[in-house]
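Protein chains in written order, with numbering that gives the first Met the number 0: chain A, 0 to 241; chain B, 0 to 241.
Note that beta-carbon positions come from the ideal geometry of N, C-alpha and C, so glycine has one too.
Okay, structure first, notes after.
2 protein chains.
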Amino acid sequence: MGYLANAPRLDALIEGLESADSIERLQSASVAFRDFYGVNHVVYHWVNSAGEQYGCGTYDDVWVDRYLEKGYLRVDPVIQGCYQKFHPIDWKRLDWSSKAARAFLQDAIAHGVGNQGFSIPIRGPNGQYALFTVSHICSDEEWEEFTTGHRRDLILIAHCFNQVALQLEPGRAPDQGQPLSPREVEAMTMLAIGLSRAQAADKLSISEHTLRVYVESARFKLGALNTTHAVARALSRGLIVV
Amino acid sequence: MGYLANAPRLDALIEGLESADSIERLQSASVAFRDFYGVNHVVYHWVNSAGEQYGCGTYDDVWVDRYLEKGYLRVDPVIQGCYQKFHPIDWKRLDWSSKAARAFLQDAIAHGVGNQGFSIPIRGPNGQYALFTVSHICSDEEWEEFTTGHRRDLILIAHCFNQVALQLEPGRAPDQGQPLSPREVEAMTMLAIGLSRAQAADKLSISEHTLRVYVESARFKLGALNTTHAVARALSRGLIVV
DNA sequence: TGCCGCCTCGCTATTTCTGGGGAGTAAGAA
DNA sequence: TTCTTACTCCCCAGAAATAGCGAGGCGGCA
Chain A
0 MGYLANAPRL
10 DALIEGLESA
20 DSIERLQSAS
30 VAFRDFYGVN
40 HVVYHWVNSA
50 GEQYGCGTYD
60 DVWVDRYLEK
70 GYLRVDPVIQ
80 GCYQKFHPID
90 WKRLDWSSKA
100 ARAFLQDAIA
110 HGVGNQGFSI
120 PIRGPNGQYA
130 LFTVSHICSD
140 EEWEEFTTGH
150 RRDLILIAHC
160 FNQVALQLEP
170 GRAPDQGQPL
180 SPREVEAMTM
190 LAIGLSRAQA
200 ADKLSISEHT
210 LRVYVESARF
220 KLGALNTTHA
230 VARALSRGLI
240 VV
Chain B
0 MGYLANAPRL
10 DALIEGLESA
20 DSIERLQSAS
30 VAFRDFYGVN
40 HVVYHWVNSA
50 GEQYGCGTYD
60 DVWVDRYLEK
70 GYLRVDPVIQ
80 GCYQKFHPID
90 WKRLDWSSKA
100 ARAFLQDAIA
110 HGVGNQGFSI
120 PIRGPNGQYA
130 LFTVSHICSD
140 EEWEEFTTGH
150 RRDLILIAHC
160 FNQVALQLEP
170 GRAPDQGQPL
180 SPREVEAMTM
190 LAIGLSRAQA
200 ADKLSISEHT
210 LRVYVESARF
220 KLGALNTTHA
230 VARALSRGLI
240 VV
């Protein structure tokens, strides 16, 4: 399958994907990419900032249901492994050594998932996390050839899926609440790096009480229930960096 | 500048980038891309998991020094804005309304940064954060044409920069410490969403003391000084998701 | 089989955090 | 100018977290 000859058709597919306005159209885009590349499966899975999971792709419904029912999310080395990475990864390079992982793999292959796979993780500022996966049944050599040949396309497609998924997410992004003041940011940062209030106040050269005012203020702005929650939210929203 | 005619040359540039093994070579790759696209500046900036900042690109040293000296990191709407996004963004769409931001913009243009810019944020699991930026001096229309025409290339290039930068990062990724047990993860998650220890214990249907054991254990594994610190670390390392 | 890690539970004492209250200055926005 | 917002400081009582001590059962691994 020559890249150049198919480039215009790929462009058309990507444009179709970019204009998708529903999960159903993401689904049909998955099918289109699967057919285009002649692979067994193309899947896009994402977790929005509320922690809700979505998925679309060419997997059999039976497999998807089984996956959820069996709690494979906590076993699947693809999910676990890619969550720690931020570049595309071949399934062969993941850790399949645990017993649960091997059982999962066997089950997956039995459901036609494919012995080869290539997944691209992308993450967002508010805990959004997406995984674009292509899987296939073939030899290591064939798969190597496929992934090296289409790696760049796949990254691009993953990005496009991601952008569409983001738009489908209900408007959480637009500044849910007021921004933190500089001092509030500093105070929250001190707490996030493990300092007690007294230490943090000392570090910022202010009284402990003043620091407390900042923390309380930040907590209020973040709609957090306590300091730990506030720090967690500030981190998740990218307001502070540790 | 036709895309098709230059595609092979672009491929060569990307391959050159992918083989880079030092910051210096990233630097020269920036120059190559700048010349290829005929824009004023190409810059790549990243923050590794230790919070250390790096940058390379075609900006003048004078401007870089001034940027750091003036603390523009905390003012620059590109940094602040892109940190909240996870898709490419045109500088025009950022919030330049604050006084500090306008002053910064004026200073930036005076140092030849360019009135137009396009930045692509990418982030990693352990707080790594990267920004690939192309900036230029031209009209809105010209810039619009450039960004729509080269958007996909730029995303790809950003990814490649990212991958190289990751490889340059000293090996922090490989499991700095033991992983958290499932119950520890659940316990930390409960705290991260704002529950008190008593509430969290209730939610997990265990005694408060048991929950406390998990939290302490997690805190120990994470090398954290207190609960808030532990939650912050667990979040930063992607061990829990809120 | 023995070891190790995980999960579960109880008690006590000390330190720290939380959540109310109020009050004044300085700087930037309307 | 007026008004808001950010920043700074103080007190107090009750709630929560921390740091020790202890125990036993279960399951995987060598």
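- The beta-bridge partner set that DSSP reports for B/Tyr43 consists of B/Cys55, B/Phe131.
- A straight-line Cα-Cα distance of about 6 Å links A/Ala231 and B/Ala231.
- Interface flag for A/Gly237 against chain B is set, since a Cβ pair is found closer than 8 Å.
- In the three-state reduction of the DSSP assignment, B/Asp75 falls in the coil class.
- Leu190, Ala191, Ile192, Gly193, Leu194, Ser195: these are the residues of the stretch 182-209 of chain B whose beta carbon lies less than 8 Å from some beta carbon of chain A, given in chain order.
- For A/His110, the closest alpha carbon among the candidates A/His40, A/Leu165, A/Arg151 is that of A/His40.
- When secondary structure is reduced to three states using DSSP, A/Ser29 falls in the helix class.
- Taking a cut-off of 8 Å on C-beta distances, the stretch 75-91 of chain B touches the stretch 110-122 of chain B, as three or more cross pairs fall below it.
- In summary, A/Gln127 is buried, with 16 or more beta-carbon neighbours lying within 10 Å of its beta-carbon over all protein chains present.
- Membership of B/Gly116 in the beta strand (DSSP E) is indicated by the continuous run 115-122.
- For B/Phe85, the nearest CB of chain A lies under 8 Å from its own CB, placing it at the interface with that chain.
- Annotated as proximal: A/Leu9 and A/Phe35, with beta-carbon spacing under 8 Å.
- Taking a C-beta distance under 8 Å as the contact criterion, A/Ala217 and A/Leu179 qualify as a contact pair.
- Within a 10 Å sphere around the beta-carbon of B/Glu140 sit fewer than 16 other beta-carbons, which makes this residue exposed.
- Annotation: Cβ neighbours of A/Ile154 in chain B (cutoff 8 Å, chain order): Ile154, Leu155, His158.
- Using a Cβ-Cβ cut-off of 8 Å, A/Leu179 does not count as an interface residue toward chain B, since no Cβ of chain B sits closer than that to its own.
- Around the Cβ of A/Val38, a 10 Å sphere holds 16 or more other Cβ atoms; the residue is buried.
- About 6 Å separates the beta carbons of A/Asp75 and A/Phe103, which is inside the 8 Å limit, making them a contact pair.
- Selection B/His44, B/Lys69, B/Ser96 evaluated against B/Tyr58 yields B/His44 as nearest (Cα-Cα).
- DSSP places A/Ile88 in the strand class (E or B) of the three-state scheme.
- Contact of B/Gly123 with chain A by beta-carbon distance below 7 Å involves Phe85.
- If you draw a straight line from the Cα of A/Gly15 to the Cα of A/Tyr82, it is about 28 Å long.
- B/Glu143 and B/Ala229 have their alpha carbons spaced roughly 45 Å apart.
- For the C-beta of A/Gln115, not a single chain B residue is nearer than 9 Å; the gap to the nearest is close to 21 Å.
- Annotation for B/Asp60: the continuous alpha helix (DSSP H) segment containing it runs 60-68.
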